[in-house]
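Below is one structure; the comments refer to it alone.
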Amino acid sequence: MIIVNVKENESIEKALKRFKKKFDKTGAVRELRARQAFTKPSVKRRDQVIKAAYKQRMQEEANK
């Protein structure tokens with residue numbers, strides 16, 4: 030359960046923003062979407078390799 034303490038003189042909007050940030054960090058929505066359909070392990074691995082190659086390419090371009 031996510032608990033967000035509202036401080037004195039703090040607006041509800043700021044507290045809600047902190048709650049949303051904590052909620053996003055848990056990855057609950059991402060996990061729910063991933064569980065809607067089964068993904069084969071080979072497809073997961075392929076996606077990981079593609080993402081890793083993309084990150085590496087971007088990092089190499091940034092270092093130039």
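When we follow our numbering, the leftmost residue of the sequence shown carries the number 30, and every step to the right adds one.
For each residue, glycine too, the CB sits at the ideal point set by N, CA and C.
Values in this document were obtained by computation on a predicted structure and should not be read as measured data.
Boundaries of the alpha helix (DSSP H) around I79: P70 to N92. For E60, the enclosing alpha helix (DSSP H) begins and ends at A57 to R64.
At the C-beta level, A44 and K36 come within 9 Å of one another. In chain order, V33 place their CB closer than 8 Å to the CB of R47, counting only its own chain and leaving out the 5 sequence neighbours on each side. Separation of the CB atoms of K51 and I31 is rounded to 5 Å, and the pair is thereby assigned contact status at 8 Å.
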